[in-house]
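Chemist: Mind having a look at this structure? Questions to follow.
There are 2 protein chains.
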Amino acid sequence: MPENRPLGERTNFLLSQLGFHTAARFTERLADLGIHPSHFGLLMHLSQGEGRTQQQLAEALGIHRKVMVGLLDDLEQRGLAERRRHPADRRAHAIFLTDAARTLLPDAQARADAEEEDLLTGLDSAERRQLLGLLQRLAERTGNPRGVHPGLRRHPGR
Amino acid sequence: MPENRPLGERTNFLLSQLGFHTAARFTERLADLGIHPSHFGLLMHLSQGEGRTQQQLAEALGIHRKVMVGLLDDLEQRGLAERRRHPADRRAHAIFLTDAARTLLPDAQARADAEEEDLLTGLDSAERRQLLGLLQRLAERTGNPRGVHPGLRRHPGR
DNA sequence: GAGAAATTGTCGTGTACGGTAACAATCACC
DNA sequence: GGTGATTGTTACCGTACACGACAATTTCTC
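Which chain is which? The protein sequence lines are F and P, in order.
Under this note's numbering, read the first sequence as residues 1151 to 1308, first letter to last.
Under this note's numbering, read the second sequence as residues 1151 to 1308, first letter to last.
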């Protein structure tokens, strides 16, 4: 295993390169919906359970409370989420999706599918299954919760 | 192919997640050498041909001239590269590695190898070959030059 | 129950970074 | 030999993140 392999033959480099590339492309595809991939991740998370506090959401996504404030400001201004009074804790907000969000989310998911399809062009279905399975096994070992992106910052791509 | 798959079952998401994760880990491994992955990429490129101008290097790596100024400032201050007078063009600089860089580079490469080994733990050699081959085929189609990271910014991770 | 400590959401403040424009020095063209 | 283009650099600006601080409210403790 020679140490001076070129970068293009290193699995970790290729992962970083491809991951950055596909994230940037996805960011572009999402742009005219008025949201970033970080908003998409939050919407996806909300679609699996509403009414949680900002703090709970921030912990689930592995980001700081303050960042959640900004994300929810964006979503609220965009008419995709709303802060309601929390029934049990008057300090906290309970976060809910709007109908507009439930309309937009399938569209955003379709764009994610389109990006994936674009990326995987050239691989047959058996190879796609192989790749997905291998990546899932690697992802298990990273320690990141499933479906939580470690780079949930404001501008993941571009 | 259902549209509302969870993120953990999407190849593009997994690539982005794993790519970000391994880049962040690599950044940490490189930290006590005093360089960032972007510096590493530039050093790797320089090791395959010295004496080029900053402009040529910037184009090869797909970044703006100004960013190259900053990267070379860092490398020069760190004693890893030097700007010499260009023999044919007195506006330009010819960029060379120092002996310190030639000593440091194998160390940095070994850290990249260690990060890769860490990432791929749990995959046997056949699976590693499969994964590498599939990723290389995907990388071909992205349009990025081989071994050039599209996210060559100052702080790729963390 | 009353005060102390912790929690929730928010707001400044400072700092660092990327991108645009501008600049002096030099080259290339014709 | 003079005009336009190119190289490397600096200045500027807008943005975004990290840290700390803050009021309102809850929970703990006695």
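Just so it is clear, CB atoms sit at the ideal spot from N, CA and C, and this is done for glycine as well.
Since this is a predicted model, take the numbers as computed values, not measurements.
Say whether chain P places a C-beta atom closer than 8 Å to the C-beta of F:Gln1206.
Modeler: One-based indexing of the first sequence puts residue 1206 of chain F at position 56. With 8 Å as the cut-off, F:Gln1206 does not count as an interface residue toward chain P.
Chemist: Work out the CA separation of F:Glu1232 and F:Gly1220 for me, nearest whole Å.
Modeler: Along the first sequence, read from residue 1 onward, the residue named residue 1220 of chain F stands at position 70. Along the first sequence, read from residue 1 onward, the residue named residue 1232 of chain F stands at position 82. Approximately 13 Å between the Cα atoms of the pair.
Chemist: Does the beta carbon of F:Leu1285 come closer than 8 Å to any beta carbon on chain P?
Modeler: Start at 1 with the first residue of the first sequence, and residue 1285 of chain F comes out as number 135. Yes, its Cβ sits closer than 8 Å to a Cβ of chain P.
Chemist: Per DSSP, what kind of secondary structure is F:Glu1153 in: helix, strand or coil?
Modeler: Start at 1 with the first residue of the first sequence, and residue 1153 of chain F comes out as number 3. In this structure, F:Glu1153 counts as coil in the three-state DSSP scheme.
Chemist: By Cβ distance, which residues of its chain are closer than 7 Å to P:Leu1157, with the 5 residues on each side in sequence left out?
Modeler: Taking the second sequence and counting its residues from 1, the one referred to as residue 1157 of chain P is at position 7. Cβ neighbours of P:Leu1157 beyond the five flanking positions: Phe1163.
Chemist: If the criterion is Cβ atoms closer than 8 Å, does the pair P:Phe1170 and F:Gly1169 meet it?
Modeler: As a first step, residue 1170 of chain P must be located in the second sequence, where it is residue number 20. As a first step, residue 1169 of chain F must be located in the first sequence, where it is residue number 19. Result yes, Cβ atoms of P:Phe1170 and F:Gly1169 sit closer than 8 Å.
Chemist: Please determine if the stretch 1199–1211 of chain F and the stretch 1191–1198 of chain P are in contact, where contact requires at least 3 C-beta pairs separated by less than 8 Å.
Modeler: No, the stretch 1199–1211 of chain F does not touch the stretch 1191–1198 of chain P.
Chemist: Using Cβ-Cβ distances below 7 Å, what residues of the stretch 1251–1264 of chain F are close to chain P?
Modeler: Under the 7 Å Cβ criterion, the stretch 1251–1264 of chain F contributes Pro1256, Gln1259, Ala1260, Ala1262 and Asp1263.
Chemist: What does DSSP give as the partner residues of F:Leu1247 in its beta bridges?
Modeler: Residue mapping note: residue 1247 of chain F aligns to position 97 of the first sequence, counting from 1. DSSP lists F:Ala1231 as partners of F:Leu1247.
Chemist: Comparing the C-beta of F:Ser1275 with each C-beta of chain P, is any distance below 8 Å?
Modeler: Indexing the first sequence from 1 puts residue 1275 of chain F at position 125. It does not: the Cβ of F:Ser1275 has no partner Cβ on chain P nearer than 8 Å.
Chemist: Going by DSSP in three states, F:Leu1255 sits in which element: helix, strand or coil?
Modeler: By one-based count along the first sequence, residue 1255 of chain F stands at place 105. Residue state, collapsed to three classes: helix.
Chemist: Output the distance between the C-alpha atoms of P:Pro1306 and F:His1243, rounded to the nearest integer angstrom.
Modeler: Numbered from 1 along the second sequence, position 156 holds the residue referred to as residue 1306 of chain P. Numbered from 1 along the first sequence, position 93 holds the residue referred to as residue 1243 of chain F. Bear in mind that a pLDDT of 39 at P:Pro1306, under 50, signals an unreliable position, so the number given afterwards is only what the model happens to contain. Going by the C-alpha atoms only, they are around 34 Å apart.
Chemist: For chain P, is any of its Cβ atoms less than 8 Å away from the one on F:Arg1296?
Modeler: Translated into the one-based positions of the first sequence, residue 1296 of chain F becomes position 146. At least one chain P Cβ lies under 8 Å of F:Arg1296.
Chemist: On the three-state DSSP scale, how would you describe P:Gly1307?
Modeler: Indexing the second sequence from 1 puts residue 1307 of chain P at position 157. For P:Gly1307, the predicted structure reports a pLDDT of 32, less than 50, and the residue's modelled location is therefore unreliable. A value from the coordinates is still provided. The answer is coil: DSSP assigns P:Gly1307 none of H, G, I, E or B.
Chemist: For chain F, find out if any of its Cβ atoms is closer than 8 Å to the Cβ of P:Gly1158; answer yes or no.
Modeler: On the second sequence, residue 1158 of chain P is found 8 positions in, with the first residue counted as 1. Yes, contact with chain F.
Chemist: Rounded to a whole number of angstroms, what is the C-alpha to C-alpha distance between P:Glu1209 and F:Asp1249?
Modeler: On the second sequence, residue 1209 of chain P is found 59 positions in, with the first residue counted as 1. On the first sequence, residue 1249 of chain F is found 99 positions in, with the first residue counted as 1. Their backbone Cα atoms lie some 47 Å apart in a straight line.
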